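Protein chains in written order, with the numbering used here: chain A, 1 to 644; chain B, 1 to 644; chain C, 1 to 644. Have a look at the structure below, then the notes.
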């Protein structure tokens, strides 16, 4: 189903009814509203103005639309900040980050926690049982604009409390952080400082704890909102809209109390955000890289209940990337169908109409500021019509491949990358890309998730392997492909006693005795599989034979019957050979031969194919297929769907 | 005529008389002094020491030289800053920018305004009617070192007052800034914050207002100085020395109360400041790009009275660019004659003698620190001799081409460039270059300037088209060539109701329905004209046929009989074809065929030609010409002047 | 002899004895301990816990090892910072640099000076006469992490006092700094501000004085520690461990009270720190550039007594460079022998065992965290065995070539580089490299050092030539090769009255009348010598003939019988020709023909050769030589030593 994000407060009330009617006509079912409207709901402290919002909800509901209400906590109004300036977050340099945009709060502020509860309660009391309200979105894009980590006095106070609860004694803290190093030992929790603004780097264990603390605050804050909404708005779903390529808090933990995750899909903007090569960025400037949207679909589908929404879908150029292309014709439709193919329940466009004012005035909508449908709106309308004809989509089924994605791993490798271009998000994405290029479906799961039923499990980057994770690896029957640095850190950011891969040595008999990060260059490796490595190399102590070796004879890939270890950062060619020659045969999986700009995906008993390239692609054995969308030949930026 | 900048306070008094005599002998008529001498004039609060300056002026006057007195407000002395630290400007991060260099004041400080009036009054009372004083320079290089915008408490106070006067009610302010967006609404002017140090970007309308406010403060501050000088120094001219490639305040508005504008011409330094390609920078490293000095001559000639001075002219290497070349032999002479060709009344070198100490000790002068004439000084002496032989230069006449240059346009596109390489100064300069390469003279005019008499009007970048501007465009008979983004914003930084080009739709029937900023790459366009486009592209709704189209068929250039619209950032090849194939024929103008490093310019009934290249150039039809300078063949870094 | 850095406080006490035994077995003689152990020695104010350290020293001593004790002042503990927060240093932006890593003190703090004296006294009282303590290291790596210059209130107070003592009157200060420029004159020392956080650059003379002040504070602080140790620990040596490519204070001045200098040699890390080309960095990624370790050996050998130690030697990958390679097999051994060849008394590895926790957990040691010897440890053991067989090394003898290295020159050219890529450290290193490629040994000496006995003296970069320096140049009989900018500044950062080369005009009759910094490009020069120049060019007034000229005829190299002046930044090809064609013949020196990755060095009557390349090298005339290490052919990453 389709949805849309709408801001009635941005438009004359006289426009609302026509807007609602046009939404319904386009095939839209859900309308998200309210998430930035605090100053209109409560224009001064304690004085609420609900009537306009009552009328807006009523107008939408009258047109047959369902409302998703956003709690307005992403934008505390000026009067609240003036009353309680301690709400403001602080930058790494210690300066307050002021009022004038959005997300100007720290999760550490007790006052803010209380005020958030107050406004959420008020809103839920007013609309919690409205027949037009289908569900809730908590806040908006937690962490956007670098707002998970804040570095001010409120944060220090909260961090001290967190540490006190976690460690009980300063001795335990000193031990955990390795504070004997450089005489950093503390005699009491009062002596703790924020791990920032020091002469050189602070203890990595301290920084990891600060990140955990900050992440847990997001979890706790979201739980508070969810608790209020569950109580006052029974039967409605609750979700939050996550972002792309953003890992500053543990989304799995936040999702535990949600009904499902949502995310905001801006494929073209993300092309500039992720460290793609300039060549890739230029090549895919108007389509995005084929794995950008789907990596996130598969990630967020794994958050809660095997369900997800796209809460905000790019309908045209955005305003926030270094360059903002117009999507190639067809892409706005393609992205929507692709989301459905990956299991989305709803694709909701951001936004109904481009705002002619404000920070995002260059962000397209389904409609132009002059109330005419935009090119993207036309494509959305086509999707609306096609959906109507299509009927219900089948249930999501598990994929044959699971990729374990760990937020803490991102923090660990960002805290001490050891090599300047060693990036957690990059290695995870490239492994995902490698499997998707082989036509296989992937579930992205959290560490400790049940791995039974999978044929192949990928661990591209998992420096800290917890007990639950280890247990699932030991019990799964899947083939396991492990990337570099796995098991190299304990919970307290230290070397395991047995060196890397730490507890994974139970799975594969190796020991990492030396590691190098490598300047940008390709290093040939050869053997049963061959290709190139870069960035990272480990020296192994093992009796296993090398399946691929560096030119000096050092092992690059080793394997047991069921477990494969890659002791380097495998480039695409090597990774592809590891998969096709070693991992897939062991796992009993067969790759599908597709061009590098074609992607296929199964949902239930349907198969979808999408063309991100510049050439048409003809599906093999097309004659035997029953097509529900498209046909044997898929034009660039087009798609097909067939049974089976 | 020639001038020079001199600092008697830097030298033993015993040197002054010989200096003055050598100036006169070199052909110098005007000597600017005093603009950094506050600590010598008033060494402690209220205690003035005029005698040294009396003697300096007397010495210069006795040698037949005319003095231009600079008010010393660019360098408030330490005791004043210690008395009133609130004078200091503040950086964007909120930190005070301290004493120890120059321009350490904010225009927002009421105390500073008062103290400035006090020192200017004292100086004008002392020297206002001196027979040796020909005129005044207010302050020095307003805005240098990023000092127009200041971000401190004094600035916030002044900004609140400015907003109160402008908007009267907070409701009007909220409406103008679009504060409903992201709950940014304010209940009173007291709630206003500086649009800085926020979590993400602030309202573009707020930032534009802050820039207007800051610019108006420069205007008001300069008016204050001018008012005092007019009153106490009757009959003397008043000017200010502007800078190159600097657009942080509205120079047209500041110039309204000046007799003429001056500017400080450092062609080699500017080569590093403007976003030239590395290839251009290397090619022109010792000459500067041929349009750098003249773009500014033509810009500043348009400020007031069709007159201008070069107040500071580079005489050798400077000290402030990343690399500081020695001008190629001949360039110090060439730049001076080129300034005269473009209408300069006086070319004044900075500085008489290189200072052996202080921040600018690596900045050349006409003389070396050891009192010997420098290589640049030798070339200046040649100019002095040539000027003597040359006699009076004819009056400036209007050019056939007007280029509209708008300072606010610079602020608007810097506030939201939307594409990382979309730069107002670059598109304006490249359009100027394109016309100058065709041998045509250009006047650079402000929006709303009278356009009658011009054959061709260029609007390279004008996002906000005000009423006066529109009126002149509607009434001129000139052909009008309009660049992208024209008319795309209202006064309050919003989309016009009819979308871009807003009011210009009265001139040409188009509507911009979608825009893209494009990653660095060249995009071919073809049709009646062809070439390449980059950086920016608009999709037009129009019935006009495309004169050039992108490869997907989208229009790049459309035109009516009299108005041409370029819906993209035209590269040099495309721009040249638009001019030669469409614009000039419509305008009845004929280009002159010159190599790309030759420039020609007419002043009255004289024509000048300048050779920035590495090859000699022979003037066509030279036999028929009467040469006043040079002859038929112009050597590299040389020039010629002929009648007609 | 070999040494090692050890942190007993990082390990269970039960491990110490085995560690000590293994050290001794490996051939280690010296063990440095204690320099980061303050929080264990004095866990709260005034409460000392010596017993653990007593036992550690006893354990080491019992194994026959000698202890080098580090004073623990690089890491003041938290309780001390909480008592006296004014100890903290301040960044250029004015913010305090907080507790949580190391070197969090400013040399300006009187409290810190007192507290440092207190802990050093306590430690020296305890261990000063211990039979196991062979010597002391003061503090650790002065200046590391940019800690020489601090920018806070304590620093301003100290700086004012320093200026008062130096200049006596504000008039003298104003004169020295050229404060008449830009009205910067001060009426009293109270008006002085730190030369930072201003609108644009501050007076270069002020910045140079601030650097001198800061450097002198390091000298004074070290003298304080040395004074205490001399008194309480008679007969023990005192040293300090300097760093690589670090010039923020005057190491010569600090060394005056030391017995010898030490330094910390991390050849692979330094490859990323020095401005090598990317090509060089990639080529030498696992060996380092062949002149990186030896430049420092030769520099630090020149500090005190013609002796030096390597206090920390890289034994494997480090943790702090952008990329951290594993040394090529053989390099850990090669670097040690190379240090001995250049005169090192001791090569001490950092560290005994890799720490599994803390900031440096990715820094290799001689042992792995799991108590197994690392690959680097194996090579160290080989060195230990070879040393045992080798017997005593001969005395260091003077080299034929002296290179004058001046720390103040680094400050001067960093304060006003005038060209963005003009770097003091780079020109000095490249001149050293050029001579070393010719097989000649080099002593690096301070300005004013006795130059008698040298055949060739190099002055690559010496903008300020003091009287002592001038005197040694006038009295030496060596050939002198002078680089650009020599003698261009007075002590007060001004032009000398006679222009550059100032006092050096007594040696060679030239005057620099104009200078250019040049954009990146190679400029051909030709004549008796030829090659390329870049970055910097001077125009000379002289009657000397040009030995090489630029294409426009300007002189690039001139010479008298004994003095050669290079008026540009000579690239390697030109520099090599100047040396082989002009300088060496004049000096009577004969270059040795070696490949560019081979280096040779004589110690006493022995010659060593080292192979940094990828090809084996066969020594000419090898049959005639008696080899003590290796043989006629040196494999890559191997070495040889022969008599004669």
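Even for Gly, the Cβ is constructed at its ideal location relative to N, Cα and C. Source: prediction; values computed, not measured.
Neighbourhood of residue 273/B in chain A, by CB distance below 9 Å: empty, with the nearest CB roughly 22 Å away.
Residues of the segment 215-247 of chain A with a C-beta atom less than 7 Å from some C-beta of chain C do not occur. For a Cβ distance threshold of 7 Å, residue set 78 of chain A lies close to residue 186/B, ordered along the chain. Under the three-state reduction of DSSP, residue 61/C is assigned to helix.
Residue 190/C holds the alpha-carbon nearest to the alpha-carbon of residue 157/C among 170/C, 190/C and 138/C. Under the three-state reduction of DSSP output, residue 90/B falls in the strand class. The three-state secondary structure of residue 617/C, taken from DSSP, is strand. By the neighbour-count criterion, in which 16 or more other beta carbons inside 10 Å mark a residue as buried, residue 154/A falls on the buried side. Scanning its chain for C-beta atoms nearer than 6 Å, with the 5 sequence neighbours on each side dropped, one finds around residue 446/C the residues 252, in chain order. Across the set 6/A, 216/A, 163/A and 552/A, the C-alpha of 6/A shows the shortest separation from the C-alpha of residue 181/B.
Its chain contains 74, 144, 145 and 147 as the residues whose beta carbon lies nearer than 7 Å to that of residue 103/B, once the 5 sequence neighbours on both sides are disregarded; these appear in chain order. Rounded to the nearest angstrom, the Cβ distance from residue 28/B to residue 391/B is 18 Å, too far for a contact under 8 Å.
The alpha-carbon separation between residue 580/C and residue 322/C amounts to approximately 37 Å.
Residue 569/C has a beta carbon lying at 8 Å or more from every beta carbon in chain B.
Note on geometry: alpha-carbon atoms of residue 326/A and residue 578/C lie some 59 Å from one another. Taking the C-beta atoms as reference points, residue 488/B is found no nearer than 8 Å to residue 460/B. Rounded to whole angstroms, the gap between the alpha carbons of residue 232/B and residue 127/B is 9 Å. Interface annotation for the segment 157-184 of chain C against chain B: 178, 180, 181, 182, 183 and 184, criterion Cβ-Cβ distance under 7 Å. Collapsing the DSSP output to three states places residue 541/B in a strand. Note on residue 179/A: 16 or more other CB atoms within 10 angstroms of its CB, so buried under the neighbour-count rule. Contact between the segment 541-550 of chain A and the segment 404-416 of chain A is not established, with fewer than three Cβ pairs separated by less than 8 Å. Following the DSSP letters along the chain, one finds residue 563/B inside the beta strand (DSSP E) bounded by residues 563-566.
Residue 16/C is outside the set of residues whose beta carbon lies under 8 Å from a beta carbon in chain A.
Residue 565/A places its beta carbon less than 8 Å from that of residue 510/A. Selection 495/B, 346/B, 640/B and 515/B evaluated against residue 262/B yields 346/B as nearest (Cα-Cα).
For residue 402/C, the closest of 435/C, 82/C and 386/C by C-alpha to C-alpha distance is 435/C.
Using a C-beta cut-off of 8 Å, the segment 263-275 of chain A makes contact with the segment 308-324 of chain A, since at least three inter-stretch Cβ pairs fall below that distance. Per DSSP, residue 140/A has no beta-bridge partner at all.
The C-beta distance from residue 516/A to residue 85/C rounds to 41 Å, too long to meet the 8 Å contact threshold. Taken in chain order, the complete beta strand (DSSP E) segments of 3 residues or longer contained in the segment 395-431 of chain B are 401-404. Closest in C-alpha terms to residue 395/A, from the list 605/A, 339/A and 349/A, comes 605/A.
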